[in-house]
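First residue of the sequence shown: 1, per full-length UniProt numbering; consecutive thereafter.
Data block below; observations after.
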Amino acid sequence: MTISRDTLHTLCPLHALLDRHGRIVQAGPTLIKLFDSPVQGERFLDLFEVYRPRAVTAMAGLLQTEGRKLHLRIRLGKRTSLKGVLFPAANGGALINLSFGIAVVDAVRDFSLTGNDFAITDLAIEMLYLVEAKSAAMDSSRRLNTRLQGARLAAEEQAFTDTLTGLKNRRALDHILERLKRTGSDFTVIHLDLDFFKQVNDTDGHAAGDRVLQCVARTMVELTRKDDTVARVGGDEFVIVLPNAMERERLQALCSQLIQRIEAPILHDGKACHVSASIGIARTMGKPVELETLSEQADIALYASKRAGRARFTFFDDTQKATLSQQTSAIAGE
């Protein structure tokens, strides 16, 4: 019985029909796709290396493998492995069927094969469905993981952000200070407290107070560097952390700008709200300092600014601590 060319293409899309010299006289459509070029007229053994059951170098040796499983690999390019079986054909030629022997996953990846490149009854079709299903599941999983990661980052950001001003909150500040402490590098802590903020809240209402806090926060962000941290740690209390050593003159200039900008009237519903800022500054100065101690030093310097008349800045020194206990209670209520 003679099998037509179209029938062979359908039943064995990955086949080669050889003449008695071992040249390909007919090739299945999938075989042609593997080489992306015509293969008719080429010697089969020039295209494929047969390495089991034994090395085969000529057509005579190839014919001796009749009915046995052949292990082959493509000689050039991606060196894809295949398995096949040989049957003698007319005039000393042979039919080699490779349709069930290609590594499906690798072939799909390397040669962009689809279900149309395999016989309808081939188990490779089922494997292709599994590969596609796995790919779709992995894509879905990646998208879900991306959304979950985004949600986690958003939740973390929300947990470290003051909702009114958009600044960092005390929890974020603690993390940043701990990280700076571990690095061992110098940094500066500026404690800023608004003067007369209570009067704004009492006279103009909490909406006006919120407007003032938002404007003050924007001012501090505008005057500080990208790597600096600005945090709201209380109702009208803010902390600025400046990593790396900063000269005293630069800190003075920064604090002067902060006070000047914050003293500018802030409009709310057509009415001007007036506040000022008192500032305390504490620096590590090349010495290991506990974070609690550094925070206390900035607080002491802040209250020194309050005692001196407000709307000013003060650098911490040890002489300030002696007089703090006598006046802290009265000043804190203002």
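Built from N, CA and C at the ideal position, the CB exists for glycine as well.
Secondary structure of Gly-84, DSSP reduced to three states = Along the sequence shown, read from residue 1 onward, the residue named residue 84 stands at position 84. Gly-84 falls in the strand class under three-state DSSP.
query = Would DSSP call Ala-298 helix, strand or coil?
reply = As a working mapping, residue 298 is identified with position 298 in the sequence shown. Of the three classes helix, strand and coil, the one that applies to Ala-298 here is helix, per DSSP.
query = When we look at the beta-carbon of Pro-265 and count the other beta-carbons within 10 Å, is it buried (16 or more) or exposed?
reply = As a position in the sequence shown, residue 265 is number 265, starting the count at 1. The residue in question, Pro-265, is exposed, as its Cβ has fewer than 16 Cβ neighbours within 10 Å.
key: Run of the beta strand (DSSP E) containing Glu-263, from where it starts to where it stops   = Your numbering for residue 263 matches position 263 in the sequence shown. Here Glu-263 belongs to no beta strand (DSSP E); instead the alpha helix (DSSP H) covers 248-263.
query = With DSSP run on the structure shown, which of helix, strand or coil describes Ala-311?
reply = Position 311 of the sequence shown holds residue 311. Correct three-state label for Ala-311: coil.
query = Below 8 angstroms, can you find three or more Cβ-Cβ pairs linking the segment 266-274 to the segment 195-209?
reply = yes
key: Local conformation of Thr-319 per DSSP, three classes   = Indexing the sequence shown from 1 puts residue 319 at position 319. It is helical.
inquiry  = With DSSP as the reference, identify every bridge partner of Pro-243, one or two as the case may be.
reply    = Along the sequence shown, read from residue 1 onward, the residue named residue 243 stands at position 243. Paired residues: Phe-187.
ask   = Beta-carbon separation of Arg-75 and Glu-49 under 9 angstroms?
value = Position 75 of the sequence shown holds residue 75. Position 49 of the sequence shown holds residue 49. Yes. Within cutoff.
inquiry  = Does the structure place the segment 225-232 close enough to the segment 240-255 that three or more beta carbon pairs sit under 8 angstroms?
reply    = yes
ask   = Between Leu-70 and Leu-86, which are expected to be in contact by the criterion C-beta below 8 angstroms, what is the C-beta distance as a whole number of angstroms?
value = Along the sequence shown, one-based indexing puts residue 70 at 70. Along the sequence shown, one-based indexing puts residue 86 at 86. Yes, Leu-70 and Leu-86 are in contact; Cβ-Cβ is about 6 angstroms, under 8 angstroms.
ask   = From what residue to what residue does the alpha helix (DSSP H) around Leu-63 run?
value = Against the sequence shown, residue 63 aligns to sequence position 63. Taken as a continuous stretch (DSSP letters only), the alpha helix (DSSP H) holding Leu-63 covers 59-63.
key: Contacting residues, own chain, Cβ-Cβ under 8 angstroms from Leu-173 (five flanking each side not counted)   = Along the sequence shown, one-based indexing puts residue 173 at 173. Excluding sequence neighbours, Leu-173 sits near Thr-229, Ala-231, Val-233, Val-239, Val-241.
key: Asp-317 classed as buried or exposed, judged by whether at least 16 other C-beta atoms fall within 10 angstroms   = Here residue 317 refers to the residue found at position 317 of the sequence shown. Exposed: under 16 other Cβ atoms inside 10 Å.
message = For a test of the three-state rule: what should DSSP assign to Ala-16, helix, strand or coil?
response = Numbered from 1 along the sequence shown, position 16 holds the residue referred to as residue 16. If DSSP states are grouped into helix, strand and coil, Ala-16 belongs with the strands.
message = Considering only the alpha carbon of each residue, which of Phe-315, Val-216, Gly-77 lies closest to Asp-46?
response = Within the sequence shown, the letter at position 46 stands for residue 46. Nearest of Phe-315, Val-216, Gly-77 to Asp-46, Cα basis: Gly-77.
message = Suppose contacts are defined by Cβ-Cβ distances below 9 angstroms. Is Ala-207 in contact with Gly-166 by that definition?
response = For this step, residue 207 is matched to residue 207 along the sequence shown. For this step, residue 166 is matched to residue 166 along the sequence shown. No, the Cβ-Cβ distance between Ala-207 and Gly-166 is not below 9 angstroms.
query = From Gly-93 to Leu-17, what does the alpha carbon distance come to, in whole angstroms?
reply = Translated into the one-based positions of the sequence shown, residue 93 becomes position 93. Translated into the one-based positions of the sequence shown, residue 17 becomes position 17. So the alpha carbons of these two residues sit roughly 7 angstroms apart.
Continuous alpha helix (DSSP H) stretch holding Gly-280: start and end = As a first step, residue 280 is located in the sequence shown; it is residue number 280 there, counting from the start. Premise fails: Gly-280 lies in the beta strand (DSSP E), 276-283, not in any alpha helix (DSSP H).
inquiry  = Can you tell me whether Asp-36 is buried or exposed? The criterion is at least 16 other CB atoms within 10 Å of its CB, across all chains shown.
reply    = In the sequence shown, residue 36 corresponds to position 36, counting from 1. The residue is exposed, with fewer than 16 neighbouring Cβ atoms inside 10 Å.
ask   = Where do the N-terminal and C-terminal ends of the alpha helix (DSSP H) with Val-25 fall, by residue?
value = Taking the first residue of the sequence shown as 1, we reach residue 25 at position 25. Counting along the chain, Val-25 falls outside any alpha helix (DSSP H), though it belongs to the beta strand (DSSP E) covering 24-27.
ask   = When the Cα atoms are used, what is the spatial distance from Met-59 to Glu-66?
value = What you label residue 59 is simply residue 59 of the sequence shown in a count that begins at 1. What you label residue 66 is simply residue 66 of the sequence shown in a count that begins at 1. Taking the straight line from one Cα to the other gives about 12 angstroms.
query = Going by other Cβ atoms of all chains shown within 10 Å of its Cβ, with 16 needed for buried, is His-175 buried or exposed?
reply = Reading the sequence shown from its first residue, position 175 is the one you call residue 175. Under this definition His-175 is an exposed residue.
message = So, under 8 angstroms CB-CB, Phe-315 and Ile-281 are touching, yes? Tell me the CB distance rounded to an integer number of Å.
response = For the purposes of this step, residue 315 is identified with residue 315 of the sequence shown, where counting begins at 1. For the purposes of this step, residue 281 is identified with residue 281 of the sequence shown, where counting begins at 1. Rounded, the Cβ-Cβ distance is 5 angstroms, consistent with contact.
message = Given this structure, state the Cα-to-Cα distance separating Glu-334 from Met-285, to the nearest angstrom.
response = Reading the sequence shown from its first residue, position 334 is the one you call residue 334. Reading the sequence shown from its first residue, position 285 is the one you call residue 285. Any reading at Glu-334 needs caution, since the residue's pLDDT is 47, under 50, leaving its predicted position unreliable; the model's value is listed next. If I take the Cα positions, the gap works out to 32 angstroms.
key: Beta-carbon proximity check, Val-189 vs Ser-295, cutoff 9 angstroms   = As a working note, residue 189 is residue 189 in the sequence shown. As a working note, residue 295 is residue 295 in the sequence shown. Going by C-beta atoms, Val-189 is nearer than 9 angstroms to Ser-295.
message = Does Asp-6 pass the burial test, meaning 16 or more other C-beta atoms within 10 Å, or should it be called exposed?
response = Along the sequence shown, one-based indexing puts residue 6 at 6. Exposed, by the Cβ-count rule.
key: Per-residue burial, Gln-64 [other beta carbons within 10 Å of its own, 16 or more giving buried]   = If you number the sequence shown from 1, residue 64 lands on position 64. The residue in question, Gln-64, is exposed, as its Cβ has fewer than 16 Cβ neighbours within 10 Å.
ask   = By the 10 Å Cβ neighbour count, where 16 or more other Cβ atoms means buried, how is Tyr-51 classified, buried or exposed?
value = Sequence index remark: in the sequence shown, residue 51 carries index 51 (1-based). Its Cβ having fewer than 16 others within 10 Å, Tyr-51 is exposed.
task = Please report how far the alpha carbon of Ser-278 lies from the alpha carbon of Asp-204, in whole angstroms.
result = For this step, residue 278 is matched to residue 278 along the sequence shown. For this step, residue 204 is matched to residue 204 along the sequence shown. The alpha-carbon atoms of Ser-278 and Asp-204 are separated by roughly 22 angstroms.
Beta-carbon proximity of Ile-102 to Leu-14, cut-off 9 angstroms = Counting from 1 along the sequence shown, the entry for residue 102 is found at position 102. Counting from 1 along the sequence shown, the entry for residue 14 is found at position 14. Result yes, Cβ atoms of Ile-102 and Leu-14 sit closer than 9 angstroms.
message = Quick check on the DSSP output: the beta strand (DSSP E) that includes Arg-232 runs from which residue to which?
response = As a first step, residue 232 is located in the sequence shown; it is residue number 232 there, counting from the start. Unbroken beta strand (DSSP E) run through Arg-232: 229-232.
task = Compare the Cα-Cα distances from Val-221 to each of Arg-171, Leu-254, Ser-141 and report the closest residue.
result = The residue you call residue 221 lines up with position 221 of the sequence shown. Of the listed residues, the one whose Cα sits closest to Val-221 is Leu-254.
As assigned by DSSP and simplified to three states, the class of Phe-111 = Position 111 of the sequence shown, counted from the first residue, corresponds to residue 111. Correct three-state label for Phe-111: helix.
ask   = Mind checking Arg-4: buried by the 16 CB within 10 Å criterion, or exposed?
value = Counted from its first residue, the sequence shown places residue 4 at position 4. Residue identity differs from the one stated: residue 4 is Ser in this sequence, not Arg. Exposed, since its Cβ has fewer than 16 Cβ neighbours within 10 Å.
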